[in-house]
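Undergrad:
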Amino acid sequence: MDNGNDNAAPLPLPAPDAGPNLAGTGTDSEATKIQLGSTVKFDELGPLVVNSDGTLSRIANWQNMTELERERTLRVLSARNRARLASEEQKLQEGPAESNTSTGAGETVSALGPTS
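Under full-length UniProt numbering, read the sequence shown as residues 1 to 116, first letter to last.
#1: Can you tell me which residues form a DSSP beta bridge with S87?
#2: CB-CB under 8 Å to V40, same chain, minus the five flanking residues each way: which ones, in chain order?
#3: Quick one: grab the DSSP three-state call for V50.
#4: Rounded to the nearest angstrom, what separates E67 and V50 at their Cα positions?
#5: Straight-line CA distance for R82 to A15?
#6: With S38 as the anchor, note down where its beta strand (DSSP E) starts and where it stops.
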């Protein structure tokens, strides 16, 4: 696919000081400084969501929600997170899934077929 501009120079990268720092605030003077062992709250990011597969995420539009929406979301989310965490804990207690399962009739079923 020739766009007719074979001699175009590659675009330069922005200067290192032009972008945000690791804290995402833009300048080092605005960055939060913490001591080792201190506690940092991430309330602005919103609550953690326990997904059905056990992974964690956050609510993308938390900062745009009204206080009433946040309260309702927290109420529903906390109940759902408790249920999902209990399910994940139960999975851990049961141990790793086995490749063979019993049919209850004294016969073991394998991925390869029935065995006696």
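We treat Cβ as the ideally placed atom computed from N, Cα and C, and that holds for glycine.
TA: In brief:
#1: Per the DSSP secondary-structure output, S87 pairs with nothing in a beta bridge.
#2: Cβ contact annotation for V40 (same chain, cutoff 8 Å, sequence separation greater than five): T32 and I34, in chain order.
#3: V50: strand per DSSP, three-state reduction.
#4: One Cα belongs to E67, the other to V50, and the distance between them is close to 22 Å.
#5: The C-alpha of R82 lies about 46 Å from the C-alpha of A15.
#6: Per DSSP, S38 belongs to no beta strand (DSSP E) and is neither H nor E.
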